[in-house]
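S.K.: Protein chains in written order, with full-length UniProt numbering: chain V, 1 to 266; chain X, 1 to 215. Got a structure here, written out as structure tokens. Questions coming.
Next comes the structure, spelled out in structure tokens:
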């Protein structure tokens, strides 16, 4: 990919040298791999008996249930942060100064805080202020939505600013009101533009939902932890590997979709 | 409010630990990212593959899972190290991938004319890399690297859950003893994180504008 732009097209000597270096690198990589495998085997990590645990129906169904819980949080959070993000973006672009300043403060403040802290703000703060309790699911979702609304608002704003000005001028000239203009003329175009952004946000939220681990929402990572606690330390690596692979598969699929969308739309 | 004022010293030491965590894992991630980026732009297809595979795998595992692996699972395998060191290792493994992407985006942003001119002047590949690509690529990648560091600051909070008494871990401990002052303690923590992240974000934006203006 990049190398074709960075360097001259290699001649015969350069190609031979590249092959030589590739072979040398392969030897080094192989040596590291063998060392790592030996090291793991000496800790009994690679014993087949331990890895069989991943084929057990209860473990598998627990991990899949964890994955579903993760996806549920991610899905709900993305939809809600989309809505909130849109309103904040509109506020940020508003002609009313207090509204645009308030939206700007919201965006800057939330972007600078750890997601985990925001989740705790809801999880501990909501009961402290209102006296009512909140489920771990909604605490997690609310924390993630607070965080993501800021980046979603910026994505929407970039989308609105990228539209030609004539679009909304023409609408105004035709006597279309603000809400209708937004709904029928601006939003359809903006959403098309930020679609890839939305999917990559889905990846971010999927990963961030693992923070549910901390407040005790049983998603994928916490499921893995519970399985390790329950089955014993010798199964720690296989189960963690299963959890990691599930995260990787989901995120790779979503990234792929985002890539295809951005190619199609451009 | 009193709970915050009484514990200012505790907050301060948590803040310092956070800064240490950020500095160490930031530097290591930058070095790891530099190595991965040098693999990614190398003429050697094997190294390019290794770099791409590393990024594809590590970036898609959540930060919490990285820290969980380092701090919870490695000790089960007989690795003995402090929580702080393990946290630095976990954050470095995760953020090396992001640093690599930041550096690569800087290198990608170099104008094609630069490379063509360098070739036209008869510079060898190695000279092009050292004299043309790296200086410009690295200065281009300063704003994305700052943004990566901001993300890193936020991820260090997770280490607080795994027994590192940085800012977030300090807050959790204080909440345990003063459960009537939850909000005040959380607001104080938020302020201390913002003290790091907001100026950094403003700096990144300012540098970006400057770079955009210069080119």
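Positions of the beta carbon are idealized from the N, C-alpha and C atoms, including for glycine. Please read these numbers as outputs of a predicted model, since none were measured by experiment.
#1: I'd like to know if the stretch 11 to 28 of chain X and the stretch 163 to 172 of chain X are in contact, where contact means that at least 3 CB-CB pairs between them fall below 8 Å.
#2: Less than 8 Å between CB atoms is the rule here; does residue 182 of chain X satisfy it with respect to chain V?
#3: Does any residue of chain X have a CB that is nearer than 8 Å to the CB of residue 7 of chain V?
#4: Would residue 80 of chain X count as contacting chain V if we go by Cβ distances under 8 Å?
#5: If contact means a Cβ-Cβ distance below 9 Å, which residues of the stretch 40 to 51 of chain X contact chain V?
#6: Helix, strand or coil for residue 134 of chain V per DSSP?
#7: Over what stretch of residues does the alpha helix (DSSP H) that includes residue 93 of chain V continue unbroken?
#8: Ordered along the chain, which non-local residues of its own chain (more than five positions away) have a Cβ less than 8 Å from that of residue 2 of chain V?
#9: Classify residue 156 of chain V as buried or exposed, calling it buried when 16 or more other Cβ atoms lie within 10 Å of its own Cβ.
#10: Go ahead and label residue 127 of chain X buried or exposed: buried means 16 or more other beta carbons lie within 10 angstroms of its beta carbon, across all protein chains shown.
#11: Could you tell me which of X/162, X/178, X/152, X/134 sits nearest to residue 35 of chain X, measuring between CA atoms?
#12: To which residues of the same chain is residue 25 of chain X closer than 8 Å at the C-beta, ignoring the five residues directly before and after it?
#13: What does the alpha-carbon distance come out to for the pair residue 14 of chain X and residue 4 of chain X?
#14: Distance, Cα to Cα, residue 210 of chain V vs residue 186 of chain X?
#15: Please specify which runs of the alpha helix (DSSP H), each continuous and at least 4 residues long, are wholly inside the stretch 71 to 112 of chain V, giving them in chain order.
#16: Residues in the stretch 63 to 92 of chain X with C-beta within 8 Å of chain V's C-beta atoms, listed in sequence order?
#17: Is there contact between the stretch 110 to 117 of chain V and the stretch 29 to 46 of chain V, where contact requires at least three CB pairs shorter than 8 Å?
#18: With a threshold of 8 Å between beta-carbons, can residue 56 of chain X be considered close to chain V, or not?
#19: In the structure shown, what three-state DSSP assignment does residue 81 of chain X receive?
#20: Is residue 150 of chain V helix, strand or coil by DSSP?
#21: Can you look up residue 179 of chain X in the DSSP assignment and give me helix, strand or coil?
#22: Would the beta-carbon of residue 79 of chain X be found less than 7 Å away from any heavy atom of the ligand NAP?
#23: Use the C-beta contact count for residue 154 of chain X: other C-beta atoms within 10 angstroms, 16 or more gives buried, fewer gives exposed.
M.R.: To lay it out plainly:
#1: yes
#2: yes
#3: yes
#4: no
#5: 40, 41, 42, 43, 44, 45, 46, 47, 48, 50
#6: coil
#7: Counting along the chain, residue 93 of chain V falls outside any alpha helix (DSSP H), and DSSP gives it neither H nor E.
#8: With a pLDDT of 47 at residue 2 of chain V, under the threshold of 50, the predicted position of this residue should be treated as unreliable, though the coordinate-derived value follows. No residues qualify anywhere along the chain.
#9: buried
#10: exposed
#11: X/134
#12: 87, 88, 91, 92, 95, 152, 156
#13: 13 Å
#14: 21 Å
#15: 97 to 111
#16: 63, 64, 65, 68, 69, 72, 73, 76, 77, 78
#17: no
#18: yes
#19: coil
#20: helix
#21: helix
#22: Here there are no bound small molecules, and the ligand NAP is not part of this structure.
#23: buried
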